[in-house]
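Reading through the structure tokens given below for one structure.
Number of protein chains: 2
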Amino acid sequence: MSTSRSTRPSAVQGARARARQEITVAIKDEARRQLADDGAAKLSLRAVARELGMVSSALYRYFPSRDDLLTALIIDAYDSLGEAAERADADRTATAPPPSPVERWVTVCEAVRAWALAHPHEYALIYGSPVPGYTAPTTTVPAAARVGLLLIGIVRDAHGTRGLALTPLPDALRAEAGRIAADIASDLPLEVVAALVAAWAQLFGLVGFEVFGQFNRVVEDRAAFFAYAATGLAHTVGLLPAPPAK
Amino acid sequence: MSTSRSTRPSAVQGARARARQEITVAIKDEARRQLADDGAAKLSLRAVARELGMVSSALYRYFPSRDDLLTALIIDAYDSLGEAAERADADRTATAPPPSPVERWVTVCEAVRAWALAHPHEYALIYGSPVPGYTAPTTTVPAAARVGLLLIGIVRDAHGTRGLALTPLPDALRAEAGRIAADIASDLPLEVVAALVAAWAQLFGLVGFEVFGQFNRVVEDRAAFFAYAATGLAHTVGLLPAPPAK
DNA sequence: CAAAAAAGAGAGCAGCGCTCTTGCTATGGA
DNA sequence: TCCATAGCAAGAGCGCTGCTCTCTTTTTTG
Numbered sequence: 042m043s044t045s046r047s048t049r050p051s052a053v054q055g056a057r058a059r060a061r062q063e064i065t066v067a068i069k070d071e072a073r074r075q076l077a078d079d080g081a082a083k084l085s086l087r088a089v090a091r092e093l094g095m096v097s098s099a100l101y102r103y104f105p106s107r108d109d110l111l112t113a114l115i116i117d118a119y120d121s122l123g124e125a126a127e128r129a130d131a132d133r134t135a136t137a138p139p140p141s142p143v144e145r146w147v148t149v150c151e152a153v154r155a156w157a158l159a160h161p162h163e164y165a166l167i168y169g170s171p172v173p174g175y176t177a178p179t180t181t182v183p184a185a186a187r188v189g190l191l192l193i194g195i196v197r198d199a200h201g202t203r204g205l206a207l208t209p210l211p212d213a214l215r216a217e218a219g220r221i222a223a224d225i226a227s228d229l230p231l232e233v234v235a236a237l238v239a240a241w242a243q244l245f246g247l248v249g250f251e252v253f254g255q256f257n258r259v260v261e262d263r264a265a266f267f268a269y270a271a272t273g274l275a276h277t278v279g280l281l282p283a284p285p286a287k
Numbered sequence: 042m043s044t045s046r047s048t049r050p051s052a053v054q055g056a057r058a059r060a061r062q063e064i065t066v067a068i069k070d071e072a073r074r075q076l077a078d079d080g081a082a083k084l085s086l087r088a089v090a091r092e093l094g095m096v097s098s099a100l101y102r103y104f105p106s107r108d109d110l111l112t113a114l115i116i117d118a119y120d121s122l123g124e125a126a127e128r129a130d131a132d133r134t135a136t137a138p139p140p141s142p143v144e145r146w147v148t149v150c151e152a153v154r155a156w157a158l159a160h161p162h163e164y165a166l167i168y169g170s171p172v173p174g175y176t177a178p179t180t181t182v183p184a185a186a187r188v189g190l191l192l193i194g195i196v197r198d199a200h201g202t203r204g205l206a207l208t209p210l211p212d213a214l215r216a217e218a219g220r221i222a223a224d225i226a227s228d229l230p231l232e233v234v235a236a237l238v239a240a241w242a243q244l245f246g247l248v249g250f251e252v253f254g255q256f257n258r259v260v261e262d263r264a265a266f267f268a269y270a271a272t273g274l275a276h277t278v279g280l281l282p283a284p285p286a287k
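Just so you know, the sequences run in chain order C and S.
Position in the first sequence (from 1) plus 41 gives the number in the numbering used here.
Position in the second sequence (from 1) plus 41 gives the number in the numbering used here.
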């Protein structure tokens, strides 16, 4: 017992490392709570420490600065959103009548919207104004890409993009779209790749307008409007409308 | 001379009121300068006062709180953006070959984008995360609506929306669209009204993604991509593509 | 000309992010 | 088993912030 414990700190990780992890999580949880209450601007290291019964300077052993704490929350938020979207798609895909590509697309869009409305301040953190100077640390990239990759996957699975009326791609963008396609979806037509990137940004325009109150005296039935707009986005990326034949 | 001056403070407005206005403007200008440098989070009343050679408490005679200063900057930003968009449209409309509706639409979209890229922190103020608690003062509404109204005007002027393939409007949204249309564009088909609201939000999704760096390792030639996406938006609101016949 | 309104100056309060120093304790090799 | 060491909490403190209060000066007004 003693031999395996002393030389391998990876498996069980002495009580100290374990405590460190637990405290790190507790700090983030408390910070997230305060974030939900008052927004990122009011998030205070001292208040978090106070609530956790520790002194403010002790907190710097876990996060070297306030912005680092925020960065950690940003990464968690991206992951939380990505997971919510992926789970919504998985749940929907598992139901009895397999969903059409448009239905899958709208399901994912609605999951993004629901997550944003449930966590408005965390949404603001990741899709609102960048908080510190301008530094978007590269570590957030994979987490940030999850929703985009999920939408691409849906379109690729559909592969039934049989020449719907897509906006023709200007020559200036063919190279651009080709480069993007090489990265993420080399099997899709360039028109679809470009439309996907645009739809990706436009989706967050819709969500952001609702979360940030821009629809306040304009749109009342926002759920219905969002479903309509998300369906429109699905069409712009080449997913076919439901067959009118019944 | 004396009679007209004493009883009518409206015309010339004693030297005091004039000074007050000038100082108010100077405060906002300096605040805007600091905003452009360091962003809204770092904007400090004390620093503004210091730069203006006054003591911090004196500044509270002009703006009762930091958030009130920010609110003033927000209104100015909305107006600045609205004016930039309107001027771009007016300039384009005045050129020799009168522009097509799509060209006008894209011109306005590009003006919005250009303004946002030139004033990223001010853009973040109005279309990023709301700054204070959540209060969007009603005073900002008219200024905020200018770009939207401009886009509506272009579509109305076109009135050539002869049944392009618009996403059909679900029944649940007919009442909604009818209400919006009654407010702003009672002469447009409901499908176009709904598509306009969606396109309005989606436009700012595109702009926001670029300004906030979400396109960073994704889209390189962002001007070309934006023009492409804005053209797509024009189509979704029923503006006809340029006739392929040459 | 005197009363009143408006503006500036200064001190001060509580809170913030962050640093540095000082003790304490659990950990891992001798 | 013992002990040097590394990790951690605590406290004091610096300079900054938003904001309030009081006091004095300046300008407008009846």
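We put the CB at the ideal spot given by N, CA and C, even for glycine.
Boundaries of the alpha helix (DSSP H) harbouring ASP130 (chain C): 107-135, taken from the DSSP string. A straight line joining the alpha-carbon of VAL278 (chain S) with that of LEU237 (chain C) spans about 19 Å.
Below 8 Å, too few C-beta pairs join the region 223-233 of chain S and the region 239-254 of chain C to call them touching: fewer than three. When the beta-carbon positions are compared, LEU192 (chain C) and ALA240 (chain C) come within less than 9 Å of each other.
Put simply, the CB of TRP156 (chain S) is far from chain C, with every gap to its CB atoms at 9 Å or more. For the pair TYR168 (chain S) and ALA185 (chain S), the Cα-to-Cα distance works out to about 10 Å.
Three or more beta-carbon pairs drawn from the region 61-78 of chain C and the region 113-132 of chain C are found closer than 8 Å, and the two stretches are therefore classed as touching. Bounds of the alpha helix (DSSP H) holding ASP78 (chain S) are 56-79. At a cut-off of 9 Å between beta-carbon atoms, SER97 (chain S) makes no contact with chain C.
Taking CB atoms only, TYR103 (chain C) has no neighbour in chain S less than 9 Å away. Within the model, the alpha-carbon separation for LEU93 (chain S) versus GLU92 (chain C) is close to 39 Å. Under the 10 Å beta carbon count, THR136 (chain S) is surrounded by fewer than 16 other beta carbons and is classified as exposed. For the alpha helix (DSSP H) assignment, the uninterrupted runs of no fewer than 4 residues enclosed by the region 200-280 of chain S are, from N- to C-terminal side, 212-225, 231-252 and 263-277. For GLY194 (chain S), the secondary structure class from DSSP, reduced to helix, strand or coil, is helix. Proximity of the region 262-280 of chain C to the region 209-222 of chain C falls short of the contact definition, fewer than three beta-carbon pairs being nearer than 8 Å.
With distances taken between CA atoms, LEU122 (chain S) lies nearest to S:TRP156 out of S:THR272, S:ARG61 and S:TRP156.
Contacts with chain S at 9 Å (Cβ-Cβ) do not include ILE115 (chain C). In this model, VAL89 (chain S) and TYR164 (chain S) are separated by some 20 Å (Cα to Cα).
Within the region 129-163 of chain C, the residues whose Cβ lies closer than 9 Å to any Cβ of chain S are, in chain order, PRO161 and HIS162.
By the 16-neighbour rule on beta-carbons within 10 angstroms, VAL149 (chain S) is buried. Here the alpha carbon of ARG133 (chain S) sits roughly 11 Å from the alpha carbon of ALA152 (chain S). The beta carbon of GLY249 (chain S) sits closer than 7 Å to those of TYR168, all from its chain and outside the five residues before and after it, given in chain order.
The criterion of a C-beta distance shorter than 9 Å is satisfied by TYR103 (chain C) and THR65 (chain C).
Residues of the same chain with a CB within less than 7 Å of the CB of VAL260 (chain C), apart from the 5 flanking positions on each side, are PHE266 in chain order. LEU166 (chain C) is a Cβ neighbour of ALA118 (chain C), given a cutoff of 9 Å.
Against chain S, the CB of VAL182 (chain C) has a partner CB under 9 Å away; the residue lies at that interface.
Here TYR164 (chain C) carries a helix assignment [DSSP, helix/strand/coil]. With a beta-carbon spacing of about 5 Å, HIS162 (chain C) and GLY80 (chain C) fall inside the 8 Å limit used to define contacts.
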